[in-house]
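Participant: Sharing a structure with you now.
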Amino acid sequence: MDKKSIAGIVIVALIFLGFTFYNSHQQKKYQEQLMAYNAEQARIQAEQDSLLALNAPLPTADSAAIAAAGERLSGDSLQAQRRIMQFGELLAAAQQAEAEEFTVENEVLKIDFSTRGGQVKDVTLKDYTKYAPRDERNQPVRLFDPATANFALTFYVKNGHNNVLVNTADYTFNLVSMEKDADGAQRITMDLPVARDAVLRYEYVVYNIQSPARDYLVDLNVYLKNMAPQMASQTTIGIDWSNRSYQNEKGFQNENTYTTIYYRAPGESSADDLGISDGEKQKTVSSSLNWVAFKQQFFSSVMIAPENFSYADMKFTTAEKGSGYIKDFSAKLTVPYTAQTDHYNFAFYFGPNKYAILKHVATTEGDDELHLERLIPLGWGIFGWVNRWFVIPVFDFLRQFIPSFGLIILILAVLVKVIISPLTYKSYISTAKMRVIKPEVDELAKKYPRQEDAMKRQQATMELYKKAGINPMGGCIPLLIQMPIIIAMFRFFPASIELRGQHFLWADDLSSYDSVLSLPFNIPFYGDHVSLFALLMTVALFAFSYINYQQTASSQPQMAGMKFMMVYLMPVMMLLWFNSYSSGLTYYYFLANILTIGQTLVIRRMIDDEKIHAVMQANAAKNKNRKKSKFQLRYEELLRQQEEAQRNASRRK
Numbered sequence: 001m002d003k004k005s006i007a008g009i010v011i012v013a014l015i016f017l018g019f020t021f022y023n024s025h026q027q028k029k030y031q032e033q034l035m036a037y038n039a040e041q042a043r044i045q046a047e048q049d050s051l052l053a054l055n056a057p058l059p060t061a062d063s064a065a066i067a068a069a070g071e072r073l074s075g076d077s078l079q080a081q082r083r084i085m086q087f088g089e090l091l092a093a094a095q096q097a098e099a100e101e102f103t104v105e106n107e108v109l110k111i112d113f114s115t116r117g118g119q120v121k122d123v124t125l126k127d128y129t130k131y132a133p134r135d136e137r138n139q140p141v142r143l144f145d146p147a148t149a150n151f152a153l154t155f156y157v158k159n160g161h162n163n164v165l166v167n168t169a170d171y172t173f174n175l176v177s178m179e180k181d182a183d184g185a186q187r188i189t190m191d192l193p194v195a196r197d198a199v200l201r202y203e204y205v206v207y208n209i210q211s212p213a214r215d216y217l218v219d220l221n222v223y224l225k226n227m228a229p230q231m232a233s234q235t236t237i238g239i240d241w242s243n244r245s246y247q248n249e250k251g252f253q254n255e256n257t258y259t260t261i262y263y264r265a266p267g268e269s270s271a272d273d274l275g276i277s278d279g280e281k282q283k284t285v286s287s288s289l290n291w292v293a294f295k296q297q298f299f300s301s302v303m304i305a306p307e308n309f310s311y312a313d314m315k316f317t318t319a320e321k322g323s324g325y326i327k328d329f330s331a332k333l334t335v336p337y338t339a340q341t342d343h344y345n346f347a348f349y350f351g352p353n354k355y356a357i358l359k360h361v362a363t364t365e366g367d368d369e370l371h372l373e374r375l376i377p378l379g380w381g382i383f384g385w386v387n388r389w390f391v392i393p394v395f396d397f398l399r400q401f402i403p404s405f406g407l408i409i410l411i412l413a414v415l416v417k418v419i420i421s422p423l424t425y426k427s428y429i430s431t432a433k434m435r436v437i438k439p440e441v442d443e444l445a446k447k448y449p450r451q452e453d454a455m456k457r458q459q460a461t462m463e464l465y466k467k468a469g470i471n472p473m474g475g476c477i478p479l480l481i482q483m484p485i486i487i488a489m490f491r492f493f494p495a496s497i498e499l500r501g502q503h504f505l506w507a508d509d510l511s512s513y514d515s516v517l518s519l520p521f522n523i524p525f526y527g528d529h530v531s532l533f534a535l536l537m538t539v540a541l542f543a544f545s546y547i548n549y550q551q552t553a554s555s556q557p558q559m560a561g562m563k564f565m566m567v568y569l570m571p572v573m574m575l576l577w578f579n580s581y582s583s584g585l586t587y588y589y590f591l592a593n594i595l596t597i598g599q600t601l602v603i604r605r606m607i608d609d610e611k612i613h614a615v616m617q618a619n620a621a622k623n624k625n626r627k628k629s630k631f632q633l634r635y636e637e638l639l640r641q642q643e644e645a646q647r648n649a650s651r652r653k
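Here is the structure:
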């Protein structure tokens, strides 16, 4: 046997002897406590015997109480010894210590802390109130239920030969200090003693500098003071974060639709989410994340790690309708750990989903932008651009001068119609030209009646349109231009916190549906209420569809079969869909349809079909001998090839 083997055996033997000595010491201490308890029991019994000897009455209740006290003393002592052996004296004491709760406030937040777990238990937003009828709206918004709020670090510490899992939610921290800096920031320091000279320290910083982007942000600096010798071998420290969100808005379903978990990877300008759904949803991300957000419709709780999380397991569960809650959120996260790690810098955003605020939220660590504004679902691609660079700036500008959001929405609708009015005019001219030239198109149909001549008929029709200066797609261009705006508005209004709590006419909250009649029953796909703005929007849409159909059907025969869908089915579907949507959105669509009808009637009075026909004849004469474009030549060749293919197919039959 070599020297190394002998040394290994000696070391193992010493460790075993040391553990045996330590265990015997603990057992001796326990036996001493047990002997003291037995001596006390003997003394009590002796006193009872002496009382009996003197024929003194001995109350049965007192005897039971003494026996119970003895059992409790024995049980508590045993449990205490087990805790000390498992966790050590300091952690065992922290498990049993009484928790202390206290409140810290700034201009926009009221935060309730608890030394149990050293965590935030409740957050109240001072500038926002929970939905209620107009005269009763005075209850401030609370972001989550204190009974379910949990924030804990999880890690392993050494204890003899064992590694002990520490979950900080199970321990009471010591409140070390509450200080106010010169700039008004309040610093709350809490310590959890883990071993002699080894401390886990939380330092919360609550700012009050009259800047929402800073004051809604609460810093959490975590210090591991002399913790490296106590930490077991591990490469990460876990974070358990969870809470249950209250229902703060009028409609459960609408608020639930916009309540989910968002997360962002470092370096990305966009954010991902778990999707909008009822029931339960879970997702695991094994790559780095910069922040994770428990997002409600208009408010969010966001945990930010400037140096990034290394793993995230996120989950939400939908609450029952009528329970007063929306969703239960949970996130199990990790951050990297090495023996050289002595601190972490985190931050929490507790505040509104307001674009102007979220856009400027930043931490002091790192240069990477947080892009918290991606919490607001403004749409992707061109729809998001319309909202970010047109709708939001117009709203922010107008609200400086106009207090009524109903008037702001009206001005926005008028502005959109003015911008696209040149295209609308061209669209109507194109439709009018097709209406005027329809007799000539009918003549072509008579000239080429057979199905085999369809290609020739199409080619002759396109040639006629070209000579007359008609763009067959001209009537579609305004619709294509309006679609990004229509969809952008669809995304903007339900997500705009600016409309929250704003009343207009009979609507008491433009961010939610307006209800002029509550039904005693629920209509499938419609709901249990009647939205007047949704009804007005439907009537306006029906009127516009009817006028538009009359105009297009006369010039485009293929539109005749679309009457039921365009004039009747579409308005009814829109009514079912939008009855529970934002009243600001249905009000905007109502205005847009009314303005479009007005535009159409005005343009119709301005246009003379005879003048249009004269212009078309002049265009036809001018274009009669014009050389065909390459596109037209390719198109005609394509038609010729298709016609030849059809002819060959007919011959084979």
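The UniProt record's numbering puts the first residue of the sequence shown at 1, with every later residue one more than the last.
Beta carbons are placed, not taken as given, at the ideal position from N, Cα and C, and that holds for glycine.
For K110, which residues from the same chain have a beta carbon less than 7 Å from its beta carbon, with the 5 sequence-adjacent residues on both sides left out?
Facilitator: Same-chain partners within the cutoff: T103, T124 and K126.
Participant: Using a threshold of 8 Å, state whether the C-beta atoms of R244 and T148 are closer than that.
Facilitator: Closer than 8 Å, so yes.
Participant: Can you tell me whether N593 is helix, strand or coil according to DSSP?
Facilitator: Of the three classes helix, strand and coil, the one that applies to N593 here is helix, per DSSP.
Participant: Considering only residues of the same chain and omitting the five flanking positions on each side of L410, which have a CB-CB separation below 7 Å?
Facilitator: L591.
Participant: To the nearest angstrom, how far is it from the Cα of P377 to the Cα of Q230?
Facilitator: Going from the Cα of P377 to the Cα of Q230 covers about 45 Å.
Participant: Per DSSP, what are the beta-bridge partners of T124 in this structure?
Facilitator: Answer is K110 and R142.
Participant: Using only the alpha-carbon positions, how far apart do F521 and G251 sit?
Facilitator: Cα to Cα, the separation comes out at about 16 Å.
Participant: Alpha carbon to alpha carbon, how far is Y204 from T129?
Facilitator: For Y204 and T129, the distance between alpha carbons rounds to 26 Å.
Participant: For S323, is the classification buried or exposed, using 16 other Cβ atoms within 10 angstroms of its Cβ as the cut-off for buried?
Facilitator: By the 10 Å Cβ count, S323 comes out exposed.
Participant: State the Cα-Cα distance for the pair D514 and F309, rounded to the nearest angstrom.
Facilitator: Going by the C-alpha atoms only, they are around 42 Å apart.
Participant: For F316 and S242, I'd like the C-alpha separation in whole angstroms.
Facilitator: Using only the alpha carbons, I get a separation of about 9 Å.
Participant: Tell me where the beta strand (DSSP E) around D313 begins and ends.
Facilitator: Looking at the DSSP string, the run of the beta strand (DSSP E) that includes D313 is Y311 to T318.
Participant: Tell me the residue span of the alpha helix (DSSP H) that contains P571.
Facilitator: Segment M570 to F578, the alpha helix (DSSP H) holding P571.
Participant: Could you tell me the alpha carbon to alpha carbon distance between I486 and V516, rounded to whole angstroms?
Facilitator: Whole-angstrom Cα-Cα distance: 26 Å.
Participant: Which whole-angstrom value describes the C-beta separation of L370 and I304, a residue pair presumed to lie in contact below a C-beta threshold of 8 Å?
Facilitator: About 7 Å; that satisfies the 8 Å criterion.
Participant: In the structure shown, what three-state DSSP assignment does N226 receive?
Facilitator: Coil, per DSSP.
Participant: Assign S269 to one of two classes, buried (16 or more other C-beta atoms within 10 Å of its C-beta) or exposed (fewer than that).
Facilitator: By the neighbour-count rule (16 or more Cβ atoms within 10 Å), S269 is not buried but exposed.
Participant: Going by the beta-carbon positions, is the gap between N353 and F405 smaller than 8 Å?
Facilitator: Not a contact, by the Cβ cut-off of 8 Å.
Participant: Just the C-alpha distance for D273 and Y262, rounded to the nearest angstrom, thanks.
Facilitator: Looking at the two C-alpha atoms, the distance is approximately 4 Å.
Participant: To which residues of the same chain is Y546 closer than 8 Å at the C-beta, ignoring the five residues directly before and after it?
Facilitator: Counting only Cβ-Cβ distances below 8 Å, and skipping sequence neighbours, we find V567.
Participant: Would you call P393 buried or exposed, if buried means 16 or more other Cβ atoms sit within 10 Å of its Cβ?
Facilitator: Exposed is the call here.
Participant: Is the segment 150-159 touching the segment 232-239 in the sense that three or more CB pairs, one from each, lie closer than 8 Å?
Facilitator: Touching, yes, given that three or more Cβ pairs across the two stretches are closer than 8 Å.
Participant: Fully enclosed by the segment 203-259, which alpha helix (DSSP H) runs are 4 residues long or longer?
Facilitator: Fully enclosed alpha helix (DSSP H) runs of 4 or longer: 212-215 and 252-257.
Participant: Tell me which residue opens and which closes the beta strand (DSSP E) that A152 is part of.
Facilitator: Where A152 is concerned, the enclosing beta strand (DSSP E) stretches over N150 to N159.
Participant: Could you give the uninterrupted runs of the alpha helix (DSSP H) lying entirely in the segment 471-525, keeping only those of 4 residues or more?
Facilitator: List check, alpha helix (DSSP H) in window: 477-495.
Participant: By alpha-carbon positions, which one of M434, A488, V391 and D509 ends up nearest to M462?
Facilitator: For the residues M434, A488, V391 and D509, the minimum Cα distance to M462 belongs to M434.
Participant: Give the single residue among V285, F544 and Q550 whose Cα lies nearest to the Cα of Y589.
Facilitator: The option with the nearest alpha carbon to Y589 is F544.
Participant: Less than 8 Å separating the beta-carbons of L220 and F346?
Facilitator: Cβ atoms of L220 and F346: closer than 8 Å.
Participant: Report all residues from its chain with a CB closer than 6 Å to the CB of A339; omit the five preceding and five following residues, and keep chain order.
Facilitator: For A339, where only same-chain residues beyond five positions count, the Cβ hits under 6 Å are A228.
Participant: To the nearest angstrom, report how far apart E498 and L224 are at their CA atoms.
Facilitator: Straight-line Cα distance between these residues: approximately 42 Å.
Participant: Using a Cβ-Cβ cut-off of 6 Å (strictly less than) and excluding sequence neighbours within five positions of V572, which residues of its own chain qualify?
Facilitator: Closer than 6 Å at the Cβ level, and outside the excluded window around V572, lies no residue.
Participant: Given N150, which residues of its chain have a CB within under 8 Å of its CB, disregarding the five upstream and five downstream residues?
Facilitator: Excluding sequence neighbours, N150 sits near G117, Q119, A169, D240, W241, S242 and N243.
Participant: Quick check: what's the CA-CA separation for T257 versus I594?
Facilitator: One C-alpha to the other measures close to 29 Å.
Participant: When the Cα of A540 is compared with those of G598, Q502 and S496, which residue comes out closest?
Facilitator: For the residues G598, Q502 and S496, the minimum Cα distance to A540 belongs to G598.
Participant: Could you compute how far the alpha carbon of L91 sits from the alpha carbon of E101?
Facilitator: Rounded to whole angstroms, L91 to E101 spans 20 Å at the Cα level.
Participant: Counting C-beta neighbours from all protein chains within 10 Å, is the total for V292 16 or more, i.e. buried, or is it exposed?
Facilitator: V292 is buried by the Cβ-count criterion.
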